[in-house]
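Residue numbers (the UniProt record's numbering), protein chains in the order written: chain A, 1 to 508; chain B, 1 to 508.
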C-alpha cells in the first residue's frame, strides 16, 4: 500500500505532446510545499512552483492495491473488483497469497493508450495481482522493472518466498537476495535503480520519437523504509525523511532529464500518492498527513487526501493552486483526453477529465466517495463531508497497539466499533474544520440544507452502483511467488505447498 | 493574547536604511506557506517568496501580554516581570483589573531607538498595562492608535467599562460604543483603521526622511473575531478565515506602499505572532497550528512555535528558508543591531542578533525556553526538546469543556495534572516527531547523550536566573478603564468602585 510513481506520456510531434504522473505513498504533510516543518523537498516544491498544486486531491481508497487499480482503470475499487466481501467495510490488498487480481474484463490505461501508439512502462510496484494472468505486460504495459508485491521480508523461502523482481516477462532476482535491503542500516539502492530505469526509458523514447507513458511507482516510502547510502542520515526526519529526500531528488532528476532532452513542454507530469501516510509506522517508518485526521487505512482526511502536483511547462501556468476536487481515477480520464482518446463507454468510469481545471482554472462540481471495502463510509460534496459510517479499527486491534490515529481522538468520530450514521450522517465543513473535529449540529439550518444536497448525490450513487466481482476474498499459500517465470534460469524456483484456498482474513 | 503587528524602521539615507515587524495572533498552520489547506494568504505567501521563511521560530510565552513584553524588552517574561507567583506555572496577562504593567526599569526597544533618531509608533493593542505610568508614550513610543487591552465586550460600563481606544495620550472613544464590533455578523472595520494608520505613518516618515519604527499589533485575529464588510464571507474557513484574509490583504498593502514610496529596500519587515492559535476558540474563532500539538496557553509546539517571515528586498535573498531557532525576543536585539545600537549591558538580554542568520544564512546555536508563569516547562536544544513539566489544564477546567488540545491526546504528555519530569525529562526529536507524540526511550543511548547536553544548558540557565518583580499578581476593579485621560472631553468618564486589591486568579 505504498509506492511513488510517475506517469509520463510523450507524444512526439503531436499538439499536446506528452503526459506523466508520479505515484507513491507519502502523506499530504510530507512535502515542504504542504507545510512539512523540515521543508526537505526542494525538487517537489519547485515542481509545484513551476506547475499547479492541488490542495483537494484524493485517492480512491485508503490502501495500496485498490488505489492502484483505481488509478489504472479510472473506476472505484468496488467496481473493478479490488475489494472484499469477507467482512463488512474491510480494507484488503494483494499480499503474496492472494488468489485474485485485475480481471481481464477491466480496461487499463496502458491498454487504451497502446491504441494511440504509446509505449508504456511501469517501474516499481505493480500490486494488481502476481499470478500469470495478472502480469502487467498482459494488461497493456510494454515494459516492467519492479515487483508484483510489497518489499516485505526477508522471508525464509519455506513458509514464505522472497518477493521476485521482474524485468519484463521474467524475474531477475528476489528482494533481500539479489536486491539488497539492509533492515538494520536502512540502506538499499532500489530507488536509484528505479530512477535509472526511468531516465533510460525516457531517453530511448525521445530518441525514437515515440510517445510514452511511464508509471513510476517506487516501493519507497512504504515500510520497511530504505534509502541509498548517499541519502542515509541526511534528513532532520530520520530514515523516513532520508527516503523522502531520495524520492524528491529523483523527481528533480527526471524533470531535469525531460528539460535536457527538450521534451519538458511535451510531457505532462503528475505527482501524487496512493494513500495517506501510514501513521501506524510513525515516527520511524511513517510520514505525515499534516493537520488531517488519522492516516492510511481510514476514511478520514489523513487516510485519503493526497499531495498532488501537475507539471507541464508552457501549458500549466507556474505557481498556480487548484481547489478542484480531484481523484487518482481522474488521471485515467485525463490521460485519455490528452491522448485524444475517449474513455470506454460500456462501463461506469468514475474519473473525470481534469484538463479544464488544469489548463483553464475551471472548477468541476463532482463528489468524492470514501470507501472501505464494500462500504461507502463517507462522501465529500463541495466543502462538506458527510460520514455515513465511522471506524478506525477494532478495540481488539487497538488494545494490541495497532493505532491508525496516534495521539488523536475525536469522540464519536475516530470510533473503534463500526458506527452507522446513515440516518443522520456526521457532517463536517472541511474549510472551517479540515481536521474533522467539530461535527455540525444536526438541528442547524446549515446541516439540513447541505444534507439535502448530499443525500441526493448519495442516493444517485447507490442506486446505480453495480459492484464488480470481488477479487480479494480468497487466499492460498500455493499461489505465492514460489516459481515465477524465469526462476529456472536463476536456480530460484521453489516448491509450492498443496493448494488450500481459504477466505482471506482482513482485520481492519 | 492576540495581535498582529508590524515593526518598521526606516533609516532614510543610512546604509541599512530601515526595519519592520508584524506581530499578531495567528497559528503556525494559518498561512498557505505553512500548509494551511485553503491557502488563502497570497500576500503573506508572496512576502515569504520574496524573503525568508523561518520554520523554527518561537514566542517567549504562550500568552499575549508576556509575549509582547518579551518582544519589546528582549527579555523573558520571568525577567521583565510579566508573570505571576500566585500559583505554580500559571499563565497570566493584563486584563482590565490588573494593577501591574511594564516596570519603568525595563528598557523598551522604542526607548532605545529614539536615541538613534527613530520615530516610533504603535498601532493596535499595547497590552503592557493600562494604568497611567504604563502608557506606551511613557515607554518610548511617539504615537499610538489603539487600545491598552483586548477588545472583549460589550460591557455594561457598571461592572466593567468598555475598553478605550487611544490616539496618542488620550482616549478617543470606546469599543462597541464609538468603534463598532458586531458580534452577531462579525463585522468591524478596525483592521481597516489600523491599516490606514500604518500607511499614513509610513508616508509621513518617508516625506520627512525620518527613520521610523512601526509596531503594527492589530486586535485581529483574537476572539471575538471580526472582519470588515468587504472580507466577510470570502473565506473557505469561515469568519476566522475572513479575518486572516483581511490581515493578509493589509500586509500586502503595507509592503506595496513601501515599494511605491521607494523605501522597500530601506525597510526591514518581520511578520510573526504572539502565541499559537487559540484552539479553545476553534473552529469558529480559532486558527490552526498545523500538525503541532495543542495550542495557545500550552508549552507544546502548538502553543509557542510561530509563523515568521523576514522581508527586506535587496538584502534578504528571495525564497530562502531558515531553520535558525528564533524567538520574538530576537527582534529586540536584531532591531538594535540594524540601528547600529548596542543592547543594554546592565541586564540579561535573551534575544540574539539574527542578522547573521538572515543575511548570511548562518545558524546560531542557542536554546529556546518554554515558560509558563514562573516555571521553565521545557527547553529546545537543536532538534531536541525536553519537557521538565507537562500540563495542558486542570481536570476541573477540562471537565467543564475548556480544552487546549481538542481532538488530541498524547498519553503522559498532554496531562491534566502538573506533572514534574525534572529528574527524567520527556525527550522528543522535533525533526522525526514534530507532533510530540513519541518520547525517546529513557534507556536509549540517544537519550543519555542528548540529555547530558541539555542538562548543562538548563543548569546554566537556572543558576543565573534572577527573576524580576512579578507584575501580574494583583488585581483591583478600581484600576479598570473607568476614566482614561481624555474621557472628560468625550463625556465618557465613569466612576470607579472603591479600591479592593486582591490576588489575581489564574486558572491555567
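Backbone N, C-alpha and C define an ideal beta-carbon position, used for all residues, glycine too.
Since this is a predicted model, take the numbers as computed values, not measurements.
For this session: Within the stretch 216-270 of chain B, note down every full alpha helix (DSSP H) run reaching 4 residues or more, in order along the chain.
Result: 239-260
For this session: Report the residue from B:178, B:159, B:41 and B:82 whose alpha carbon sits nearest the alpha carbon of residue 134 of chain B.
Result: B:82
Exercise. Counting only beta-carbon atoms, is residue 11 of chain B nearer than 8 Å to chain A?
Worked result: Confidence at residue 11 of chain B is low in this model, with a pLDDT of 46, below 50, so the placement of that residue should be treated as unreliable; the coordinate-derived value is given next. Chain A contact via Cβ: absent.
Exercise. Would residue 510 of chain A be called buried (16 or more neighbouring beta carbons within 10 Å of its own) or exposed?
Worked result: With chain A represented from 1 up to 508, any question about residue 510 of chain A goes unanswered, as that position is not in the structure.
Problem set entry | CB-CB length for residue 384 of chain A against residue 323 of chain A, believed under 8 Å | Contact doesn't hold; Cβ gap of about 14 Å is too wide.
For this session: Leaving out five residues on either side along the sequence, give the residues of the same chain with a beta carbon under 8 Å from the beta carbon of residue 466 of chain A.
Result: 79 and 348
Exercise. In this structure, what does DSSP give as the bridge partners for residue 510 of chain A?
Worked result: No answer is possible for residue 510 of chain A: it lies beyond the span of chain A, which begins at 1 and ends at 508.
Exercise. Cα separation between residue 509 of chain A and residue 474 of chain A?
Worked result: In the structure as shown, chain A begins at 1 and stops at 508. Residue 509 of chain A is therefore absent and cannot be evaluated.
Exercise. Based on Cα-Cα distance, which residue from A:330, A:407 and A:310 lies nearest to residue 514 of chain A?
Worked result: Summary: the structure shown does not reach residue 514 of chain A, with chain A confined to residues 1 through 508, and so no result is reported for it.
Problem set entry | Contact list for the stretch 293-321 of chain A against chain B, Cβ threshold 7 Å | 321
For this session: Just the C-alpha distance for residue 340 of chain B and residue 329 of chain B, rounded to the nearest angstrom, thanks.
Result: 18 Å
For this session: Just grab the DSSP bridge partners of residue 301 of chain A for me.
Result: DSSP lists no partner for residue 301 of chain A.
Exercise. For residue 496 of chain B, which option in B:503, B:487, B:478 and B:488 has the closest C-alpha, if you only look at C-alpha atoms?
Worked result: B:478
For this session: Please report the residue range of the beta strand (DSSP E) in which residue 56 of chain A lies.
Result: 52-58
Exercise. Are the beta-carbon atoms belonging to residue 73 of chain B and residue 108 of chain B less than 8 Å from one another?
Worked result: yes
Exercise. Where does residue 453 of chain A land, buried or exposed, given buried means 16+ other C-beta within 10 angstroms?
Worked result: exposed
Exercise. Looking only at DSSP bridge pairs, what is residue 431 of chain B linked to?
Worked result: Answer is none; residue 431 of chain B lacks a bridge partner.
Problem set entry | Length of the line joining the Cα atoms of residue 326 of chain B and residue 371 of chain B | 15 Å
Problem set entry | Beta-bridge pairing of residue 379 of chain B - partner residues as DSSP gives them | B:369 and B:386
For this session: Answer yes or no: does any C-beta atom of chain A fall closer than 8 Å to that of residue 383 of chain B?
Result: yes
Exercise. Do residue 269 of chain B and residue 279 of chain B have their CB atoms nearer than 8 Å?
Worked result: no
Exercise. My guess is that residue 408 of chain B and residue 63 of chain B are in contact by the Cβ rule of under 8 Å, so how many angstroms apart are they, rounded?
Worked result: Wrong, their Cβ atoms sit about 19 Å apart, outside the cutoff.
Exercise. If you draw a straight line from the alpha carbon of residue 110 of chain B to that of residue 251 of chain B, how long is it in whole angstroms?
Worked result: 22 Å
Exercise. Given that residue 409 of chain A touches chain B, what residues does it touch there, using C-beta distances under 8 Å?
Worked result: 407, 408 and 409
Problem set entry | Span of the beta strand (DSSP E) around residue 322 of chain A | 320-322
Exercise. Under 8 Å between C-beta atoms, does residue 146 of chain A make it to chain B?
Worked result: no
For this session: State the start and end residues of the unbroken alpha helix (DSSP H) segment that holds residue 398 of chain A.
Result: 395-399
For this session: With DSSP as the reference, label residue 309 of chain A as helix, strand or coil.
Result: strand
Exercise. In whole angstroms, what is the alpha-carbon distance linking residue 405 of chain B and residue 392 of chain B?
Worked result: 8 Å
For this session: Look up residue 174 of chain B in the DSSP assignment and give the residues it is bridged to.
Result: B:164
Exercise. What did DSSP end up calling residue 272 of chain B once you bin it into helix, strand or coil?
Worked result: strand
For this session: Give the residues of chain B in contact with residue 291 of chain A, contact being defined as C-beta atoms less than 7 Å apart.
Result: 29, 288, 290 and 291
Exercise. Which residues in the same chain have their Cβ closer than 6 Å to the Cβ of residue 103 of chain B, if we skip the five residues on either side of it in sequence?
Worked result: 81
Exercise. Out of curiosity, what's the CA-to-CA distance linking residue 238 of chain B and residue 290 of chain A?
Worked result: 20 Å
For this session: Answer with buried or exposed for residue 381 of chain B, where buried requires no fewer than 16 other C-beta atoms within 10 angstroms of its C-beta.
Result: buried
Exercise. Which residues in chain B sit within 7 Å of residue 38 of chain A, going by Cβ to Cβ distance?
Worked result: 431
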